[in-house]
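J.:
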Amino acid sequence: MGKTTLALIIYNNEVVREQFDCRAWITVSESYDMIKLLKIMANQICIAEEDNGGDINFDTMSIE
642 MGKTTLALII
652 YNNEVVREQF
662 DCRAWITVSE
672 SYDMIKLLKI
682 MANQICIAEE
692 DNGGDINFDT
702 MSIE
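705 is the number that this note's numbering gives the last residue of the sequence shown; the numbers go up by one with no jumps.
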């Protein structure tokens with residue numbers, strides 16, 4: 642069993658899921674863009690807020 646497969650099994654485990662209010666799953670390659678990864682994570686974490694009528698859009702977020 643590979644590392645990613647093991648991590649995904651743990652990530653989707655019901656007992657583990659119950660321990661967290663929010664979760665995010667991202668795939669990171671050897672060459673990656675940290676800002677893009679942070680935006681992906683932020684969007685996944687805030688998806689519940691968006692579904693509840695929130696106006697969160699991290700796609701247009703900028704780092705100064």
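Positions of the beta carbon are idealized from the N, C-alpha and C atoms, including for glycine.
1) Does DSSP put threonine 645 in a helix, a strand or coil?
2) Count the C-beta pairs between the stretch 676 to 683 and the stretch 657 to 668 that are closer than 8 Å, then say yes if the count reaches three, no if not.
3) Please confirm whether isoleucine 650 and valine 657 have their CB atoms less than 7 Å apart.
4) Which residue comes first and which comes last in the alpha helix (DSSP H) that contains asparagine 684?
5) Looking at the secondary structure, which residues open and close the alpha helix (DSSP H) in which glutamine 669 lies?
T.: Inspection of the coordinates gives the following:
1) Along the sequence shown, read from residue 1 onward, the residue named residue 645 stands at position 4. Three-state result, threonine 645: helix.
2) Segments in contact, yes.
3) Position 9 of the sequence shown, counted from the start, is the residue given in the question as residue 650. Position 16 of the sequence shown, counted from the start, is the residue given in the question as residue 657. The answer is no: Cβ separation not under 7 Å.
4) In the sequence shown, counting from the first residue as 1, residue 684 sits at position 43. Asparagine 684 -> alpha helix (DSSP H) spans 675 to 686.
5) As a position in the sequence shown, residue 669 is number 28, starting the count at 1. For clarity, residue 669 is valine in the given sequence; the question names glutamine instead. Run containing valine 669: none; DSSP gives neither H nor E here.
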